[in-house]
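Be aware that the sequence shown starts at 1, since it is given in UniProt numbering, and climbs by one per residue.
The C-beta atom is built at its ideal place from N, Cα and C for all residues, glycine as well.
No experiment lies behind these values; they were computed from the predicted model shown.
Comments concern the structure below.
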Amino acid sequence: MEEVWLNWKSAFFKAIENNVPSKKIKSRQNVPWITSDIRKLFHKRKRLWKKAKSTQLEVDWNKYKSLRNKVKSELNKSYYQHVHSLIDSKNPKRFWSFIKSKTKNKSIPVTMKWSDRGVTASTGKDKAELFCKFFASVFTRPDPATDVDEDAHSHGSGFVIPDLMCSSANVGELLLTLDVNKATGPDGLSARLLREAASVISDPLSKLFNMSLNRGKLPRDWKSANITPVYKNGGKEYVSNYRPISLTSLVVKTLEKLVTRHIMAHLEDHDLLSPHQYGFRAGFSCTSQLIRLFHSWASALDKNKTSDVVFLDFEKAFDSVPHKHLISKLGRYGINGQILEWLGDFLQDRFQRVVLEGESSDWSMVYSGVPQGSIVGPMLFLLYVNDIPENLSCSSEMFADDTLLFNSDHPSSVHQPVCESLSQIVDWCKKWLLKLKATKSKCMKITRSRSVTPCSYNINSIPLEQVKTHKHLGVIISSDLSWKPHVLSVAAKANKILGLLKRTFGKSSEAISIGYKSMVRPIVEYACPVWNPHQQYLSDKLERVQRNASRPGNDDAQDVAHRTIEYCKHVISRSTTSDDLFVDTTLMATQSLTEENSDLSENEDVQEIEDPILVAVNAGASLRSPTSAVIARKRKLPANEGKYKQRGSSKTTVRTSAWDRITEYPKHHFAVVNRKLRCNACSEIISEKKSSIEKHIKSKKHERGLSEIAKSKSESQTITACFQRRDNREKACGSTLPAEMRLFRFEVVESFLSGGIALTKVDALRPLLEKHGHRLTNRAHLSELIPAVLENEKDKLKKELKDVKEASVIFDGTARLGEALAVIVRYVQENFQPTQRLIRLDILAKALKGEELAQRLMSCLAVDYHFGPTAIIGGMRDGASVNGAALRQLMFFYPKLFDVVCFSHTIDNVGNHFEFKILDLFARYWISMFSHSYNARLVWRERTGQSIRTFSETRWWSKWEVLRQVSEYFGDVEPFLRENDEVSPGNRRRLLEIFDDPQSCQDLRLELAALVDAGVHFVNATYYLEGDGPLIFTCYERLSAVTRAVAVGNYPNTTAVAREIAGGNAVLCNQLMAQAKACIQPGFQFYHQKFSVQFHGTVRAFKAARLCCPVQVQALNPTAASLEELRNFPFANHDATIANLAQEFPLYVAASDGVTVTCEDDKLTWWANHKDTLPHWSSLVKKLLLIQPSSASAERVFSLLTNAFGSQQESALQDYLEASVMLRYNNAKRV
């Protein structure tokens, strides 16, 4: 056989030499985009640099810098021209070679090491030898005297594989499919030569193949391999981190394909392969195995079962298969006779050498393993491990050598089957001479239980590591079956490659599109049927990858842009409107105006008041108009002189069959888009079949869509009415535009404002918004719609507040833009749910005085929103004197107003009255260090695992949070300061001075403990009292809890620190405790003075409000005399009110008997259910729900102002700020 092969090969090479022309190609190492002109510029730049360096003249340096910039520009230009030439060329190989050169680094390090020895190699020859020795070291060399059990695993013996006969047609077909880019094997026959000569050599090769099969012999060239080391993972300098890939003869690979097809057909026809093996099989894949696994595990979780999973790792599995054992197994699957004899010779007497950097090692003998890189090798390995899943006590799945064991059962019985199966596999490995690597094998427990019992699995007495996440077949599996780790990994990997593509190709959208489709999208879409996330934030992670790919202007990423359109629902809802909508909205707007005017005329109690401000002044109030800020000036709007007539859209009818369905179903909002029937209510294309339409209109989705359209139509009527009023009043610009276009532009501006998006970004989004909607205009013209948006929002508020009989006001100011004033109205709905609306946001020129603030509040409440003298019964504000002065002026018009100074602000100020000597000094330097050094925050997080707490100068509780964190990690503070010299040297030095002084350090620990103990009660109370919910029932209980905590004086941290410092000295311990209490005593005195003296009346009112809680009234055991305490509320200080309450009191006590609700909303539901049987008490509860112990709601308005505009506040007019903040605040409350 050897002689026949050599003769054929010699004749083939001789024919090639005589008939095929040859040409020597010089390898050019030059960068292709560096042209000769650029090289000339390089030389000229070098000359100018030498000249400038020698003369040191400024004129020479300027010439050099100018040319340097030109060279850089020309180089970039040439680079991108080269990229475009690669795209436009008809040879895609050049383009992909360029991408691989940028994305893949296959170079071997200069020095290679043997991981467990001190052997190193630097030259190409030495490195090749080192790799060859390492790959040979993993071979399994069984004892020749050891016999293989011939009786084990005897299935399949009844099926005998027939002999194989190779035809010239089959051989020719395979030769024509050879990839010309494949590497040449040791025989020197290239794929290009074999494919070009396929028609000539197919017949002699088929005879050669049949001779080899019949004789069971192979030439040495066919059993020799050039080894290429392929990097796996770990350090690149270690040879143990590389996998040997065999480059064998392309001729024998052709024969291997024929043999493999023949054997696989035999195995599949007789169902001899294990159904648990998914590797190297047609119709089986990683995704199919993962789907099966996750279905099993998820089903177990649904049944409250636990799944134990063991991931096994075979050590050098492909290289360790003993040939003798493998041949014995092949016979058991019916592979006998001709094929078995040929495979036996194929495995025996193999040789390999490592080829690296143009050098090759000496040939070495292959004693075991199936060749990685061969065609028949994977199939042989499958047969060798095919019997592993048999007779196991638990479930198992395999993908080649990746083996997984799992069992799903109750926690008490899940362990044993897996343990038995693991023991069985260990025994199998001992018999068949494969090794399990215990250090790389892992175990996992899949459960929803928070208390996870540790796994106790081991291999050869080595315990397996239990993990929470593990990567199996490219997908990261977590113990709770969450996809967050995998999605984050996929997104990070995809973004990394996408960033490389963008850096490589710049703004070339076509190149990025090709790279994205071939390199990024496969990463994102791999096994996506398994892990496609249902959480929105994980989907957004993946969508962000696609959006990043489409940013440079990639026209092929339209599917990504289309998803963005879905967020702009008004674009689609307005895209198919017609003249009918314009007529309907115009008529409805006229009707809305008529109804609004009639509603205003019916409100006679408001119209009778000539001027609420004049009434207040006559009653004795002192009011004065404040000075408005510059940005509060009226926006100048260009007037339309009526040069053009009203324009309308033309109606065109597309004569298609879909129009018949529109006529048949006129009320279901069907339309024709691209000659297809579209349901605008559901935003989807539907079938024109009547049965499909009938089914569609009965769906819940369609009903919800119709409801949304009705709501949108109502809003459109309101907007159209607002436009008509403005047109009649001002002849506003845009009045001649079609109604549909004006509505669309209005909704775009409103969406930007309510989303807190700067209107300056509309120009960038304009192409997207116009794609499926009406034509937009530029930012300057769109900003002219802001007054209309603001007016429409105020109209909504007036409509919502029109029927409100009683309300309270929450207001506050802030020193932003001179002074910003926020006014919030709180009212109670029929279901007893408190509701808040921001009705005013003023930006003024300077800080307000009491009279100016009172005038603003009166103008807003009484004039703009028509709240009469009996309507406002409560006012919540902070302790600033100007707020108190304004509220006193307001009481001249609203005599029943109950003044509430913000409790949370007052409690927060308690901490400012603590008197710490060392701690205040420490806090100043500590906070300053982290405020001015980002590096300090990073180092602190690395050390403690916690981010430094955020500090705000206006909130004492933020300082307490910072110092509490210091107390928790006090042992890390001093080492952190001493080990980081570069972190804020000035503050660090002052802080170390405290630690260097023993007395100061002792006082710091003591004061820190005292602050934590004393401040926790006040901080928790502050958090609670700043909510927007119904706090009237529980406010007094929260204040009482703080008072009791202060009176008891329980200081656990302070006591522990004092005892540690005193070291058993009781006298010293008492002295230290007295020292600590002296520091916090001024704060307690401030709290007592405020709530026991200054706020005594308000606190008594909140105490009396507990009578209205159906739960607390049972414990209070009140009498009729207890009702007199309710007179602390001005709106309840009437004899008739108290009498009515006393009359219903027995019914109230009887109805509340046995009530155990604890949730505040459940209490409101209780009152809503008893409002008919207890009308007077229910009326009082509605009033009490208007009272809040805090004005924090107004402060949240200023947070919206800062977050939405930031530094742009000073360049925005007031209507822009007011409209945006009002929309964001009120829309959030309307949800």
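Under the three-state DSSP convention, the category residue i falls into
| i | result |
| --- | --- |
| residue 19 | helix |
| residue 429 | helix |
| residue 665 | coil |
| residue 1066 | helix |
| residue 1234 | For the chain, the structure presents residues 1 to 1231; residue 1234 sits outside this window and is missing. |
| residue 494 | helix |
| residue 1051 | coil |
| residue 1019 | helix |
| residue 1213 | coil |
| residue 564 | With a pLDDT of 34 at residue 564, under the threshold of 50, the modelled position of that residue is not reliable, and no figure is offered here. |
| residue 319 | coil |
| residue 277 | strand |
| residue 788 | helix |
| residue 1235 | Any question about residue 1235 goes unanswered here, given that the chain covers just 1 to 1231. |
| residue 779 | helix |
| residue 80 | helix |
| residue 262 | helix |
| residue 238 | strand |
| residue 756 | coil |
Close Cβ partners of residue i (< 8 Å) along its chain, the five nearest in sequence each way excluded
| i | result |
| --- | --- |
| residue 1023 | 957 |
| residue 236 | 108, 109 |
| residue 722 | 788, 791, 792, 795 |
| residue 1173 | 1147, 1151 |
| residue 74 | 37, 38, 41 |
| residue 54 | none |
Selection from the options that minimises the alpha carbon distance to residue i
| i | options | result |
| --- | --- | --- |
| residue 942 | 970, 976, 919 | 976 |
| residue 377 | 263, 398, 167 | 263 |
| residue 355 | 183, 286, 322 | 183 |
| residue 1178 | 1219, 1218, 1107, 1217 | 1107 |
| residue 903 | 944, 1026, 983 | 1026 |
| residue 673 | 684, 666, 343 | 684 |
| residue 665 | 831, 455, 693, 711 | 693 |
| residue 1226 | 332, 1094, 825 | 825 |
| residue 1238 | 439, 479, 462 | Nothing about residue 1238 can be read from this structure; the chain reaches only from 1 to 1231. |
| residue 167 | 133, 194, 204 | 204 |
Cβ-based neighbour list, residue i, same chain, cut-off 7 Å, excluding 5 preceding and 5 following
| i | result |
| --- | --- |
| residue 805 | 871 |
| residue 605 | Confidence at residue 605 is low in this model, with a pLDDT of 38, below 50, so the placement of that residue should be treated as unreliable; the coordinate-derived value is given next. Cβ neighbours of residue 605 beyond the five flanking positions: 868. |
| residue 990 | 925 |
| residue 277 | 382, 386, 398 |
| residue 293 | 397 |
Residue-level contact to chain D via CB, residue i, 7 Å cutoff
| i | result |
| --- | --- |
| residue 506 | In the structure shown, chain D does not exist; there is a single protein chain. |
Start-to-end residues for the beta strand (DSSP E) that takes in residue i
| i | result |
| --- | --- |
| residue 335 | Note, residue 335: premise wrong, no beta strand (DSSP E); not H, not E. |
| residue 365 | 364-366 |
| residue 354 | 350-356 |
| residue 836 | 834-844 |
| residue 307 | 306-312 |
Proximal residues to residue i (C-beta, below 6 Å), its chain only, five neighbours per side dropped
| i | result |
| --- | --- |
| residue 1021 | 907, 1038, 1042 |
| residue 113 | 120, 237, 238 |
| residue 342 | 213, 216 |
Enclosing alpha helix (DSSP H) for residue i [first to last residue]
| i | result |
| --- | --- |
| residue 981 | No alpha helix (DSSP H) contains residue 981, which DSSP labels as neither H nor E. |
| residue 135 | 124-137 |
Three or more C-beta pairs below 8 Å linking the stretch 945-954 and the stretch 1110-1130
A contact between stretches requires three or more CB pairs, one per stretch, nearer than 8 Å, and the stretch 945-954 fails this requirement with the stretch 1110-1130.
Would you call the stretch 271-282 and the stretch 239-255 touching, i.e. three or more CB-CB distances under 8 Å?
The stretch 271-282 makes no contact with the stretch 239-255, as fewer than three CB pairs between them are under 8 Å.
Kindly confirm or deny that the stretch 44-61 and the stretch 222-233 touch, where touching means at least three C-beta pairs closer than 8 Å.
The answer is no - the stretch 222-233 does not touch the stretch 44-61, with fewer than three Cβ pairs under 8 Å.
Count the C-beta pairs between the stretch 911-930 and the stretch 879-894 that are closer than 8 Å, then say yes if the count reaches three, no if not.
Counting Cβ pairs under 8 Å, fewer than three are found: no touch.
Would you call the stretch 290-308 and the stretch 513-533 in contact, with 3 or more CB pairs under 8 Å?
Enough Cβ pairs lie closer than 8 Å, so yes.
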